[in-house]
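A.B. asks:
In the working numbering, the protein residues as written are 5 to 385.
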């Protein structure tokens, strides 16, 4: 029996298409037919995933070695998820011993960044790292992120292409000594208003930004600002919001006593406070000591107060109605993506601006569900 799925753009037979592609050539080898379940997660940070449960066929069996020779590619409304298998299971059960199945879990390109390390002297072999204790890099967010991704990917040989740098975003500085690319990139992006997208490219796609066409599947490292979309509002009244929770915490420190390197009565103490000073009921004092005579005392105090401010975070479970669609192909007039700002209209809280941090698309023989997740922008906590 063929299932017809109701979507915002109308009834569709195949809203989520899954294919198997070779890692080093053209494709696809074939399409995954009659899956029992496909769950694809597009994530703002961290590795997105794809979970496939389907018949074991000549096409799906290519994924079994989980050695990266074959990739699982999902297409949805102009969006693409390219994943490398990290676990595959072939099996039968007692009820159907002659009906072999396969279960595949893949990870998106961010998992490659988790497996890269930045040495102190990136342009020299690992046996020649004595000239510096740390690799230090400063510049706009886009410049720093693209340089880190380029260093890490080139060292390992990962299929990540870095487009030309436009130098956008606030200034950032990183220090690395075998830190992972993923950790460094996440630190740089924090509170920047920018995101790193690893966009999948397949042979047959148009060229990106005039760059040379690859001959095999690759990921393009795009550093882009989080996007404001006109009219993107989900509300309780519109039944887009199933539940919500807002959590507020007081500051863990509001002022600091900075101690220099003197000892005993020779040690000097300097005060530092946040401005504006909060209510006297919420004031909290901590101490911070200068460890090195080169340390600027103001920097010592700032480090002690970093991350100590009061926080507000809002958790919302959303289930958008048909007015908005997850997608990027322009075939529907109102589309949203991961990394978009969204206004949540909650009567008790008013308008709360959040960021779409994740979208999970699940397809079964009887249903298609699209579940976005939102979070408080990290520059407003």
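Glycine is no exception: its CB is placed at the ideal position from the N, C-alpha and C atoms.
1) Could you tell me how far apart the beta carbons of residue 120 and residue 156 are, in whole angstroms, since I believe they sit closer than 8 Å?
2) Could you compute how far the alpha carbon of residue 385 sits from the alpha carbon of residue 253?
3) What's the call for residue 393, buried or exposed, on a 16-neighbour Cβ count within 10 Å?
4) Would you call residue 168 buried or exposed, if buried means 16 or more other Cβ atoms sit within 10 Å of its Cβ?
5) Can you name, in chain order, every residue of its own chain whose Cβ lies under 8 Å from the Cβ of residue 272, other than the five neighbours on each side?
6) What residues in its chain sit with their C-beta under 6 Å from that of residue 217, if we drop five residues either side in the sequence?
7) Between which two residues does the beta strand (DSSP E) carrying residue 185 extend?
8) Looking only at its chain, what residues have a beta carbon closer than 8 Å to the beta carbon of residue 149, apart from the 5 residues adjacent to it on each side?
9) Can at least three beta-carbon pairs, one atom from the segment 74-87 and one from the segment 334-341, be found at a separation below 8 Å?
10) Got a sec? Which residues, its chain only, sit under 6 Å from residue 364 by beta carbon, not counting five neighbours each side?
11) What are the boundary residues of the alpha helix (DSSP H) that includes residue 148?
12) Name the DSSP bridge partner or partners of residue 57?
13) Leaving aside the five residues before and after residue 255 along the sequence, list all residues of the same chain whose C-beta is less than 8 Å from its C-beta, in chain order.
14) Going by alpha carbons, who is nearest to residue 60 out of 50, 35 and 49?
15) Please name the residue or residues paired with residue 379 in a DSSP beta bridge.
16) Kindly list the residues whose CB is nearer than 6 Å to the CB of residue 117, restricted to its own chain and excluding five residues on each side of it in sequence; keep chain order.
17) Output needed for residue 259: all residues of its chain with C-beta closer than 6 Å, excluding positions within five of it in sequence on either side, in chain order.
18) If I follow the unbroken alpha helix (DSSP H) through residue 114, where does it start and stop?
19) Just the Cα atoms here: how many angstroms apart are residue 248 and residue 233?
20) Tell me whether the segment 52-66 and the segment 21-36 touch, counting them as touching only if at least three CB pairs, one residue from each stretch, are closer than 8 Å.
21) What does the alpha-carbon distance come out to for the pair residue 77 and residue 51?
22) Can you find a C-beta in chain B that's less than 9 Å from the C-beta of residue 117?
23) Which residue wins for smallest C-alpha separation from residue 366, given the options 42, 14, 9 and 11?
24) Closest to residue 75 by CA distance: which of 27, 107 and 308 is it?
25) For residue 21 and residue 222, I'd like the C-alpha separation in whole angstroms.
C.D. replies: Inspection of the coordinates gives the following:
1) Looking up residue 120 in the chain shown gives position 116. Looking up residue 156 in the chain shown gives position 152. About 3 Å separates the two Cβ atoms, so the contact holds.
2) What you label residue 385 is simply residue 381 of the chain shown in a count that begins at 1. What you label residue 253 is simply residue 249 of the chain shown in a count that begins at 1. Reliability of the predicted coordinates at residue 385 is poor, the pLDDT of 45 falling under 50, and no value is obtained from them.
3) Because the chain in this structure spans residues 5 to 385, residue 393 falls outside the shown range and cannot be described.
4) Residue 168 sits at position 164 when you count from the first residue of the chain shown. Residue 168 comes out exposed.
5) Sequence index remark: in the chain shown, residue 272 carries index 268 (1-based). If we look at residue 272 and ignore the five residues flanking it on each side, its Cβ neighbours are 263, 264 and 266.
6) Start at 1 with the first residue of the chain shown, and residue 217 comes out as number 213. The residues are 211.
7) Here residue 185 corresponds to residue number 181 of the chain shown, with the count starting at 1. For residue 185, no beta strand (DSSP E) encloses it; the enclosing alpha helix (DSSP H) starts and ends at 185-193.
8) Here residue 149 is taken as the residue at index 145 of the chain shown, counted from 1. Answer for residue 149: 189, 192, 193, 198, 200, 225 and 227, listed in chain order.
9) Inter-segment contact for the segment 74-87 and the segment 334-341 is present: three or more beta-carbon pairs are separated by less than 8 Å.
10) Taking the first residue of the chain shown as position 1, residue 364 is located at position 360. Non-local beta-carbon contacts of residue 364 in its own chain, meaning distances under 6 Å to residues more than five positions away in sequence, involve 45 and 375 in chain order.
11) Position 144 of the chain shown holds residue 148. Run containing residue 148: 145-160, per the alpha helix (DSSP H) assignment.
12) Along the chain shown, read from residue 1 onward, the residue named residue 57 stands at position 53. According to DSSP, residue 57 bridges with 41 and 107.
13) Against the chain shown, residue 255 aligns to sequence position 251. Counting only residues of its own chain and dropping the five nearest sequence neighbours on each side, residue 255 has a CB closer than 8 Å to the CB of 278, 282, 286, 288, 312, 313 and 314.
14) By 1-based counting over the chain shown, the position of residue 60 is 56. The shortest Cα separation from residue 60 among 50, 35 and 49 belongs to 35.
15) For the purposes of this step, residue 379 is identified with residue 375 of the chain shown, where counting begins at 1. Answer is 359, bridged to residue 379.
16) Working through the chain shown from its first residue, we reach residue 117 at position 113. Counting only Cβ-Cβ distances below 6 Å, and skipping sequence neighbours, we find 185 and 186.
17) Position 255 of the chain shown, counted from the first residue, corresponds to residue 259. Beyond the five residues adjoining it in sequence on each side, residue 259 comes within less than 6 Å, by CB distance, of 277 and 289 in the same chain, given in chain order.
18) As a first step, residue 114 must be located in the chain shown, where it is residue number 110. Membership of residue 114 in the alpha helix (DSSP H) is indicated by the continuous run 114-118.
19) Within the chain shown, the letter at position 244 stands for residue 248. Within the chain shown, the letter at position 229 stands for residue 233. Looking at the two C-alpha atoms, the distance is approximately 22 Å.
20) Taking 8 Å as the limit for Cβ pairs, the verdict is that the segment 21-36 does touch the segment 52-66.
21) For the purposes of this step, residue 77 is identified with residue 73 of the chain shown, where counting begins at 1. For the purposes of this step, residue 51 is identified with residue 47 of the chain shown, where counting begins at 1. For residue 77 and residue 51, the distance between alpha carbons rounds to 15 Å.
22) Checking the listed chains, one finds no chain B in this structure; it contains a single protein chain.
23) To locate residue 366, count along the chain shown from 1; it is residue 362. For residue 366, the nearest C-alpha among the options comes from 42.
24) What you label residue 75 is simply residue 71 of the chain shown in a count that begins at 1. Closest by alpha carbon: 27.
25) Position 17 of the chain shown, counted from the start, is the residue given in the question as residue 21. Position 218 of the chain shown, counted from the start, is the residue given in the question as residue 222. Cα-Cα distance, rounded: 19 Å.
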